[in-house]
Amino acid sequence: MAFKSFQDIIAWQKAREVNRLIYTATSESSFSRDFALRDQIRRASISIMANIAEGFGRSVASNKDFANFINIARASAFEVQSHLYVALDLGYLHQEVFGRIFELLNEICRMLHTLRKRLLE
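Residue 443 is where the sequence shown starts when you use the numbering used here, and the numbers rise one by one after that.
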């Protein structure tokens, strides 16, 4: 791939934005006191960025290694989406915050799917 650093990967940049939104949302209201859900959604959100970066670091070994980490990052994005539903159902998030984060995660998933396919070509 033609990336000079993991920070050049747009999916990583968007995952960074998701992280910021997740940390903001989980620091407010009752969400901040639901330690289990708060910590789990934060960890899953961080995992998206971390796996993209780690996969990039392993791309020296092979594109297959990188693709594996991209797949893990994508799975973490789906995990965050699932946790967002719990937060919405419990009244921890407003619909517009839920929608904004959810759509960013959809974008990230599409980008990661495409990146993984290209790595395995």
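Think of the CB as a built atom: it goes at the ideal place given N, C-alpha and C, for glycine as much as any other residue.
Q: Take aspartate 507 as the anchor and find which of Leu532, Ser447, Leu562 and Ser524 has the nearest alpha-carbon.
A: Leu562
Q) Of the residues Phe477, Ser447 and Ile514, which one's Cα is nearest the Cα of arginine 558? A) Ile514
Q) Along the chain, where does the alpha helix (DSSP H) that runs through arginine 485 open and close? A) 477–500
Q. Expressed to the nearest angstrom, what Euclidean distance is found between the alpha-carbon atoms of glutamine 449 and isoleucine 494?
A. 9 Å
Q | Proximal residues to isoleucine 512 (C-beta, below 6 Å), its chain only, five neighbours per side dropped | A | Gly497, Leu554, Leu557 and Arg558
Q) Quick one: what's got a C-beta closer than 7 Å to leucine 479's C-beta in the same chain, skipping five residues either side? A) His525, Val528 and Ala529
Q: Have a look at serine 489 and aspartate 476 and give me their C-alpha separation to the nearest angstrom.
A: 20 Å
(Q) Is the beta carbon of glutamate 459 closer than 7 Å to that of alanine 486? (A) no
Q. Given that a residue counts as buried once 16 or more other Cβ atoms are within 10 Å of its Cβ, and exposed if not, what is arginine 552?
A. exposed
(Q) Suppose contacts are defined by Cβ-Cβ distances below 7 Å. Is isoleucine 550 in contact with alanine 453 by that definition? (A) yes
Q | Beta-carbon proximity of serine 534 to serine 447, cut-off 7 Å | A | Reading off the sequence, residue 534 comes out as tyrosine, not serine. No, they are not a contact pair.
**Q.** Alpha carbon of serine 501 to alpha carbon of glycine 541, nearest angstrom
**A.** 33 Å
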